[in-house]
Amino acid sequence: MNKTFGLLICTLIFLSSCARVLVETPIAIEKLPHKKEKELIAIIDSLSQIKPNSLYSKLDVQYSDSSRSISFKTSLKIVKDSAINLLITYARIPIVMAQVTKDSIIVVNKRDKCFEKESLTYIKDMFGIDFSLLNLEEIFLGRPLDYDPRNKYFLVHDPYSYTISTHKKREQKKMERHAKEDVVLKYQINKTADNLETILIDSPSDSTTISIHYISRQLLNGINLPKDVEVNIDGKKNKVKMIISYDKVEINEPQELFIIIPENYEKCN
């Protein structure tokens, strides 16, 4: 998996200066109707079965990390179990092409006329979590990440959310103390219990947490897909936030996947 609060702050200052007395009124949060563990797991299992053969979409991306903030556009192509292609443009000029396959990632930097070809550990070096091609497909398609019906899952007892976890709370605390090489996944289902709302990823050994919040969705050809997504990555090396909006989506249409490295390009430093 590459690494404007100003308006809000100004608004808060303005409101504070205008108000002689500020009275904080707590927002009432209603408890959700009770659902059994097996009901929620069945919902996740059903959502995991949504597997289109291909996807094309334009993506508007707002990216910020510890040192920069930028907006750019991306063309996304996915062919199931084959590859993912990304073409990043800035000011309508292609600047980066990338292709992810089952065993490698190729990045062609058109601006600097260089390329990188690495194994998928490149993604872990960037974000602190191991992701496979299938995992990246699941994230882009809004499916439960790394879900396996053969594994055991556990209900997180919270009356205000529907959450299923790969680990019991006791196991998570042990992992935090001993930093085991394992990842905790949590799937949060929306209040109407019919869609995946958030994926939470916690890797104690890498001190990395990732949240993927599907803010809104869209239905295309009977397939439920993301429309707006917020991704937050909190790692030892960097903090990243991305707002991703899908547009001009095509589903199950033939997609050509290729990437060309010009002969005069050298390996990036």
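Numbering of the sequence shown is given in the numbering used here, commencing with residue -12 and proceeding in unit increments. Glycine included, C-beta positions come from ideal geometry on N, C-alpha and C.
- Message: Please state whether the Cβ-Cβ distance between I199 and F127 is less than 8 Å.
- Response: Not closer than 8 Å, so no.
- Message: For a test of the three-state rule: what should DSSP assign to A78, helix, strand or coil?
- Response: Residue state, collapsed to three classes: coil.
- Contact belief for S51 with K254 at Cβ below 8 Å, rounded distance in angstroms: Contact check for S51 and K254: beta-carbon distance about 28 Å, past the 8 Å limit, so the pair fails to qualify.
- Pick helix, strand or coil for V8, following the three-state DSSP scheme. Confidence at V8 is low in this model, with a pLDDT of 36, below 50, so its placement is unreliable and no value can be given for it.
- Item | When N122, N208, T76 and K22 are compared against V48, the one with the closest alpha-carbon | Just measuring C-alpha positions, the residue of N122, N208, T76 and K22 sitting nearest V48 is T76.
- Message: Per DSSP, what are the beta-bridge partners of S190 in this structure?
- Response: Beta-bridge pairing links S190 to T195.
- Query: Rounded to a whole number of angstroms, what is the C-alpha to C-alpha distance between T12 and L34?
  - Reply: Bear in mind that the predicted position of T12 carries a pLDDT of just 47, short of 50, making it unreliable; the figure below should be weighed with that in mind. C-alpha separation (whole angstroms): 38 Å.
- Message: What would DSSP say about I30, mapped onto helix, strand or coil?
- Response: In the structure shown, I30 sits in a helix (DSSP, three-state: H, G or I).
- Message: Output needed for D99: all residues of its chain with C-beta closer than 8 Å, excluding positions within five of it in sequence on either side, in chain order.
- Response: Closer than 8 Å at Cβ, skipping near neighbours: C255.
- Item | For S148, the residue or residues it bridges with in DSSP | Note: S148 sits in no beta bridge, so no partner.
- Message: Rounded to the nearest angstrom, what separates I71 and K18 at their Cα positions?
- Response: Each residue's alpha carbon lies about 40 Å from the other.
- Pick from L42, E125, K25 and K89 that is closest to Q36, judged by C-alpha positions: Looking at the Cα atoms, E125 is the closest of the given residues.
- Query: If you compare alpha carbons, which of I247, S194 and S44 is closest to K111?
  - Reply: Among I247, S194 and S44, the Cα nearest to that of K111 belongs to S194.
- Query: Any idea what DSSP makes of T179, helix, strand or coil?
  - Reply: Of the three classes helix, strand and coil, the one that applies to T179 here is coil, per DSSP.
- Exposed or buried, which one is E184 when buried takes at least 16 other CB atoms within 10 Å? The Cβ neighbour count for E184, taken over all protein chains shown within 10 Å, is at least 16; the residue is labelled buried.
- L206 burial status per 10 Å Cβ neighbour count (16 or more: buried): So L206 ends up on the exposed side.
- Query: Roughly how many angstroms separate the alpha carbons of N257 and N40, rounded to a whole number?
  - Reply: Residue numbering for the chain in the displayed model covers -12 to 256; residue 257 lies beyond these limits and cannot be assessed.
- Item | For L172, the residue or residues it bridges with in DSSP | Answer is I188.
- Message: Using a 10 Å radius around the Cβ and a threshold of 16 neighbouring Cβ atoms, would you call V10 buried or exposed?
- Response: Residue placement at V10 cannot be trusted, given a pLDDT of 43 that sits under 50; what the coordinates show is reported in the next sentence. Exposed.
- Who does Y50 pair with in a DSSP beta bridge? The partner list for Y50 (beta bridge, DSSP) reads I57 and M229.
- Message: For L74 and V216, what's the separation of their Cα atoms in angstroms?
- Response: Their backbone Cα atoms lie some 19 Å apart in a straight line.
- Query: If we count the other Cβ atoms within 10 Å of its Cβ and call it buried at 16 or more, is F118 buried or exposed?
  - Reply: Answer is buried; the Cβ neighbour count reaches 16.
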